[in-house]
Amino acid sequence: MTDPKQFELTRTSTSHDGLDTLGRTIVVNCQRNERVFVNLIYGELYGSEEDAVTSFSGFQYKPCSEISVAWAAYRNTEWQPVSPFDRFDPVTFNLVEVNLGGAFVDNTVVIPRSGYYLISVSVGTSPIKGVNVDIHVVRSNYDSVYADVYRAASYHNGEDTLSKTFVLRLEAGDILRLVSESNTNIFSDPGLQTAFTGFLIYVE
Numbered sequence: 361m362t363d364p365k366q367f368e369l370t371r372t373s374t375s376h377d378g379l380d381t382l383g384r385t386i387v388v389n390c391q392r393n394e395r396v397f398v399n400l401i402y403g404e405l406y407g408s409e410e411d412a413v414t415s416f417s418g419f420q421y422k423p424c425s426e427i428s429v430a431w432a433a434y435r436n437t438e439w440q441p442v443s444p445f446d447r448f449d450p451v452t453f454n455l456v457e458v459n460l461g462g463a464f465v466d467n468t469v470v471i472p473r474s475g476y477y478l479i480s481v482s483v484g485t486s487p488i489k490g491v492n493v494d495i496h497v498v499r500s501n502y503d504s505v506y507a508d509v510y511r512a513a514s515y516h517n518g519e520d521t522l523s524k525t526f527v528l529r530l531e532a533g534d535i536l537r538l539v540s541e542s543n544t545n546i547f548s549d550p551g552l553q554t555a556f557t558g559f560l561i562y563v564e
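This is the structure in structure tokens:
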């Protein structure tokens with residue numbers, strides 16, 4: 361690749377005592393003959409014949425309709441609040457990898473077409489710090505929190521990646537943004553652990 365990219369799924373905390381499942385979704389531009397692969401940097405992976413505990417899958421985004429809407433925005437720097445009560449509204453992203461349909465504008469997503477969307481949010485966590493990042497949807501000037509990426513535990517001793525993926529019906533003109541609530545540290549580095557991605561699945 362002329363511009364290789366790395367997207368990390370991270371767990372460096374060692375303060376857990378059982379099997380865990382981690383996951384994240386990325387949206388990325390690929391050219392013919394480019395390789396996409398998973399590389400274990402360190403640690404161990406668990407798998408069994410009965411369960412697909414460890415998996416790697418992907419597909420080409422090519423909707424049947426003539427409308428294509430997809431975005432993928434990433435952070436490569438950390439954010440720390442100056443005081444415990446500081447909020448990050450909206451969470452900003454300095455690398456926009458995909459923006460089909462021009463939906464991603466000024467760190468928000470303005471939905472251009474009504475339909476069902478697959479949305480994924482990944483947040484890197486810092487050691488001994490909580491995380492509470494809300495997914496806000498503004499419709500007809502009414503601002504509501506649809507979901508969040510949340511960690512209240514503070515005994516983890518390393519960086520981890522938390523993620524949430526969901527399908528949501530949205531209307532044209534809806535505005536999406538991420539907001540970090542108080543006592544939240546966001547970890548991200550060139551591994552792009554913190555991300556906001558999504559795409560249109562079905563047009564209404």
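First residue of the sequence shown? That's 361 in this note's numbering, and the numbers climb one at a time after it. By construction, the Cβ of each residue, glycine as well, lies at the ideal position given by its N, Cα and C atoms. All figures in this text were calculated on a predicted structure; none of them were measured in a lab.
- Task: For the beta strand (DSSP E) holding PHE397, just list the boundary residues, first then last.
- Result: Membership of PHE397 in any beta strand (DSSP E) is not indicated, and neither H nor E is assigned to it by DSSP.
- Task: Give the single residue among TYR502, VAL498, VAL491 and VAL539 whose Cα lies nearest to the Cα of LEU522.
- Result: Ranking TYR502, VAL498, VAL491 and VAL539 by CA distance to the CA of LEU522 puts VAL491 first.
- Query: Going straight from the alpha carbon of GLN440 to that of ASP549, what length do you get?
  - Reply: Here the C-alpha atom of GLN440 lies approximately 13 Å from the C-alpha atom of ASP549.
- Tell me the DSSP bridge mates of TYR502? Beta-bridge partners assigned by DSSP to TYR502: ARG499.
- Query: Which of the three DSSP states, helix, strand or coil, is assigned to SER523?
  - Reply: For SER523, the three-state secondary structure derived from DSSP is strand.
- Task: Compute the distance between the beta-carbons of VAL456 and ALA433, then report whether it is under 7 Å.
- Result: Between VAL456 and ALA433, the C-beta spacing is below 7 Å.
- Apart from the five residues on each side of it in sequence, which residues of its chain come closer than 7 Å, Cβ to Cβ, to ALA507? Cβ neighbours of ALA507 beyond the five flanking positions: ILE495, LYS524 and PHE526.
- For SER480: DSSP bridge partner residues: Answer is THR525 and THR557, bridged to SER480.
- Query: What separation, rounded to the nearest whole angstrom, lies between the Cα atoms of PRO487 and GLU426?
  - Reply: Using only the alpha carbons, I get a separation of about 45 Å.
- For VAL481, does the count of other Cβ atoms within 10 angstroms reach 16, so buried, or fall short, so exposed? So VAL481 counts as buried.
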